[in-house]
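Protein chains in written order, with this note's numbering: chain H, 1 to 326; chain X, 1 to 204; chain R, 1 to 250; chain L, 1 to 227. As structure tokens, the structure follows; a few thoughts come after it.
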């Protein structure tokens with residue numbers, strides 16, 4: 001079991017303490033000479049550079065795989081063919097009822113507790129690449145909020161959010177398309193928004209209330225580290241039970257501890273849970289990315305992982321047999 | 001002395017923010033000012049970095065260096081979107097539609113390509129990393145979550161099975177929490193070292 | 001000062017403890033700051049790669065990641081940039097850095113320029129050595145890919161907050177037959193890159209660069225402080241659990 | 001479908017083909033798509049930063065003071081001018097001052113944010129699983145809940161010790177203590193399980209984007225055919 005540990009950088013390695021005699025030698029020299037600080041520093045730079053010369057290093061780590069990438073092309077083309085074939089010839093399945101996870105129920109309850117007069121801040125914090133997944137989750141939720149008569153605002157934290165907000169609102173069929181408010185400054189902006197109770201900071205865009213005034217803050221996220229920024233810079237300044245989240249499937253694991261600690265009241269991760277959520281809210285689920293194609297893609301990955309295990313076991317067995325023979 | 005000034009500035013600005021956070025109502029005004037300056041500086045830094053990039057590509061075009069055609073594409077695309085944004089307005093729906101027409105398919109395709117690349121890479125996972133507690137648990141966990149991702153088990157609606165699925169889905173909580181706490185400790189100490197001037201990411 | 005909640009008290013206590021542990025370890029281990037510490041092999045490999053690059057007359061490209069989310073984490077990579085730049089000043093091809101954010105790009109410029117200045121060779125510095133790759137996560141990836149694919153590269157190091165999409169950059173470097181080392185603070189990226197040939201560091205080893213390269217004694221003191229905090233946290237958790245179970249802490 | 005929709009659809013189709021051409025190798029079309037993306041997004045972001053940040057936050061306050069000296073508006077301007085000097089190789093070091101200021105502020109935010117938003121709540125959450133209201137039902141111990149809480153506590157500790165740095169001399173070599181090594185092995189299992197979920201999560205997101213993109217192209221071609 002050793003190789004992987006060394007490979008990924010977890011093997012304890014040992015540093016060699018500097019030789020004491022070397023240090024003592026240096027001090028003697030320094031005492032004998034009266035040097036300016038800058039001269040000393042330059043001498044140190046040169047000493048380091050000279051020390052680098054001829055220093056023994058083990059060979060650089062080279063990728064074990066062959067440079068030829070034919071297997072990449074074969075797998076890529078096979079997968080593309082399977083997905084395109086499914087898209088063209090297999091109809092998408094009807095949505096099935098299934099067990100609803102606790103975090104989805106928690107989000108549903110929080111949404112249904114919202115009423116007319118409540119204020120909700122919808123934070124759009126995802127990249128154009130994941131917009132299809134995010135829109136399929138967010139559009140039914142926005143439709144629900146709009147139907148409830150809840151007063152809501154759209155906040156975007158990155159420039160592309162300005163057009164993503166238009167896309168989301170028009171897909172959800174919300175008219176007129178609400179104006180998206182741009183919050184500059186990344187984590188600095190999030191922090192400024194969280195602490196500013198009087199809306200006095202020039203940094204904050206007009207039309208936005210203090211975060212404490214919102215009954216709920218609905219995060220639409222596709223990045224774990226960006227989600228963490230909201231949990232670290234904004235959540236400590238607000239009472240518990242404010243944050244709700246719709247996250248891309250890739251962030252499902254990241255949200256787990258924050259949901260368990262109560263910093264997020266409820267969340268939905270991925271299109272499947274998004275469809276469940278839409279049903280629970282009495283909305284029509286969005287047209288998902290073709291579910292059968294998604295299943296085909298997942299099965300391909302399963303087969304690949306199993307093949308990887310089998311071929312490695314086979315290679316190990318062959319190696320052992322060879323060793324036994326010699 | 002010259003070297004000490006940036007260290008002092010970093011330390012003082014960090015301390016001011018920390019002190020203002022503790023004595024929040026009294027020093028809230030100063031905190032607002034500091035944050036305002038920081039956001040402005042970060043934005044100007046982005047513009048300066050962008051200008052440096054454009055200058056580098058301009059030099060490449062002028063000197064007709066290898067691959068200068070790509071620099072032409074980059075600068076041309078930059079000028080079109082920048083001039084368009086400044087003249088039509090960055091919230092103009094028509095302008096945004098054109099930006100979206102390029103950004104959306106290019107980024108979604110890059111992400112989609114990552115799926116294809118991952119599939120090819122996974123084939124060599126165990127050959128590259130060998131067998132260990134980490135790789136075996138990783139492989140089994142990935143297989144379990146792929147099966148759960150199909151949604152077939154959930155559709156059976158067997159209460160006992162649903163309980164097991166619930167436990168399986170919550171299991172990564174342990175590792176994730178441990179990793180988050182460890183990363184948090186690392187980030188906390190890095191932050192402290194910066195404020196104390198022991199780490200100088202702005203250069204010596 | 002408003003009344004502090006238990007959460008705030010604990011946070012404050014952790015900060016004070018971290019500060020004390022850092023100071024204590026700086027003092028106690030000032031003579032041999034790096035001895036008795038596990039070194040992260042991925043960080044040490046960056047040294048090896050830089051030596052190999054110098055021998056081949058090729059360059060190293062370092063992707064510094066994004067500074068969109070949390071710039072402080074992104075700054076963890078800058079000591080490595082300084083150390084590797086110092087080594088490459090007099091080689092045929094100096095190190096090139098690519099950043100995914102304005103602040104990080106300016107910081108990397110400042111660090112690289114400072115290193116040349118420190119080596120009394122400011123005239124050798126060129127702004128091209130530390131450039132912005134792109135300002136959004138995907139623009140950064142798009143800007144990084146051509147640099148990672150350069151024929152002048154002896155290898156590529158991705159050190160900083162890289163999203164999992166950087167699997168494309170790793171794949172491209174592999175295709176070119178070059179080694180790639182990845183140290184990322186993004187846990188999704190760590191998981192995705194486990195299925196690649198990249199030499200990888202996991203979890204909090206991301207913060208080990210200064211100590212593993214033996215370029216900053218305070219970084220080693222921070223690792224020792226982390227170890228101490230780990231023990232204190234473990235004892236605190238067990239104690240807290242027992243007190244809760246016994247009903248002493250309601 | 002109007003002419004504009006057709007043009008936009010064609011751009012999307014072409015860009016998708018250019019990006020996927022990477023499967024055949026790193027080629028001109030793929031590179032062109034990358035540079036186009038960098039150029040377009042940089043220009044757009046530059047325009048947004050100027051109109052939404054620089055003009056309202058830096059320039060407008062100075063104009064509001066009618067040219068009169070106000071330190072709160074002039075200081076950021078001076079700091080920004082120092083940053084602009086970074087454009088010239090000889091004066092790159094002028095940028096150190098504003099950068100040091102920014103670094104200090106960000107470090108402080110990290111200290112406060114990480115400790116209050118991640119460390120403290122996550123640690124408290126582990127202990128809170130042992131609260132009497134959760135581990136007792138009708139005055140009797142709920143062993144299932146207790147076991148779950150102990151499992152989480154030990155698991156987190158094991159993961160934390162996987163990254164322990166301290167080593168001790170064992171004969172000629174230095175190694176970690178047996179207890180730490182044991183905990184590390186358990187911790188690696190938990191890390192593996194978490195990474196498995198993260199791996200599948202990202203793969204699913206990427207796959208969703210791929211299928212959606214292929215679906216968009218399919219719809220576009222069908223609409224071209226059917227008019």
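Don't be surprised by glycine CBs; every beta carbon is placed ideally from N, CA and C. The structure presented is a predicted model; accordingly, all values stated were derived computationally and were not measured.
Would you mind stating whether residue 141 (chain X) and residue 193 (chain L) have Cβ atoms separated by less than 7 Å?
yes
Using the Cβ count rule (16 or more neighbours within 10 Å means buried), how would you classify residue 326 (chain H)?
exposed
Going by C-alpha to C-alpha distance, which of L:25, L:40, L:28, L:211 sits closest to residue 136 (chain R)?
L:40
Proximity of residue 30 (chain R) and residue 167 (chain L) at Cβ, strictly below 7 Å:
no
Sequence ranges, alpha helix (DSSP H) only - wholly within the stretch 55-95 of chain R, length at least 4
71-74, 78-88
Distance check for residue 44 (chain L) and residue 156 (chain H), CA to CA, integer angstroms please.
15 Å
Between residue 163 (chain L) and chain R, is the shortest Cβ-Cβ distance under 7 Å, so that the two count as touching?
yes
Go through its chain and collect everything with a Cβ distance to residue 59 (chain R)'s Cβ below 7 Å, but skip five positions before and after it.
53, 93, 94, 95, 96, 152, 153, 154
Residues of chain X with a CB under 9 Å from the CB of residue 22 (chain R): which are they?
189, 192, 193, 196, 198
Less than 7 Å between the beta carbons of residue 23 (chain L) and residue 191 (chain R), yes or no?
no
The stretch 123-135 of chain H: positions lying closer than 7 Å to chain L by Cβ:
129, 130, 132, 133
Within-7 Å CB hit, residue 57 (chain L) to chain R
no
Starting from residue 269 (chain H) and walking both ways along the beta strand (DSSP E), at which residues does that stretch end?
266-269
Tell me where the beta strand (DSSP E) around residue 156 (chain H) begins and ends.
151-156
Taking the Cβ atom as the reference point for each residue, do residue 238 (chain R) and residue 46 (chain R) lie within a distance shorter than 7 Å?
no
Using a Cβ-Cβ distance cut-off of 7 Å, determine whether residue 204 (chain R) contacts chain X.
yes
So which residues of chain R does residue 202 (chain X) contact, with C-beta pairs closer than 7 Å?
107, 110
Alpha helix (DSSP H) segment containing residue 145 (chain X), residue limits:
133-150
Within 7 Å of any Cβ in chain L, is that where the Cβ of residue 234 (chain R) sits?
yes
Between the alpha carbons of residue 229 (chain L) and residue 130 (chain L), how many angstroms are there, rounded?
Examination of residue 229 (chain L) is not possible in this model, given that chain L is present from 1 through 227 alone.
How about the stretch 133-153 of chain H and the stretch 306-319 of chain H: do they share at least three Cβ pairs that are nearer than 8 Å?
no
Buried or exposed for residue 58 (chain X), going by 16 or more other Cβ atoms inside 10 Å?
exposed
What do you reckon, are the CB atoms on residue 129 (chain H) and residue 108 (chain X) nearer than 7 Å?
yes
Work out the CA separation of residue 180 (chain X) and residue 241 (chain R) for me, nearest whole Å.
20 Å
Do we get a CB-CB distance below 7 Å when we pair residue 120 (chain L) with the residues of chain X?
no
Tell whether a beta-carbon distance below 7 Å holds between residue 160 (chain R) and residue 74 (chain R).
yes
Indicate whether at least one CB of chain X lies closer than 7 Å to the CB of residue 201 (chain H).
yes
So with Cβ pairs under 7 Å, would you call residue 313 (chain H) a contact of chain L?
no
The stretch 50-57 of chain X contacting the stretch 7-23 of chain L, beta-carbon criterion three pairs below 8 Å:
no
Assuming contact is defined by CB atoms lying nearer than 7 Å, are residue 201 (chain X) and residue 180 (chain L) in contact in what I supplied?
no
At the 7 Å Cβ level, is residue 37 (chain X) part of the contact set with chain L, yes or no?
yes
So residue 142 (chain R) packs on residue 34 (chain L), CB below 8 Å; how close in whole Å?
4 Å
Collapsed DSSP secondary structure at residue 198 (chain H) in the structure displayed:
coil
Which chain L residues sit within Cβ distance under 9 Å of residue 270 (chain H)?
201, 204, 205, 208
Runs of alpha helix (DSSP H) lying entirely within the stretch 8-78 of chain X, each at least 4 residues, in chain order:
24-62
Quick one: what does DSSP say residue 125 (chain H) is sitting in, helix, strand or coil?
strand
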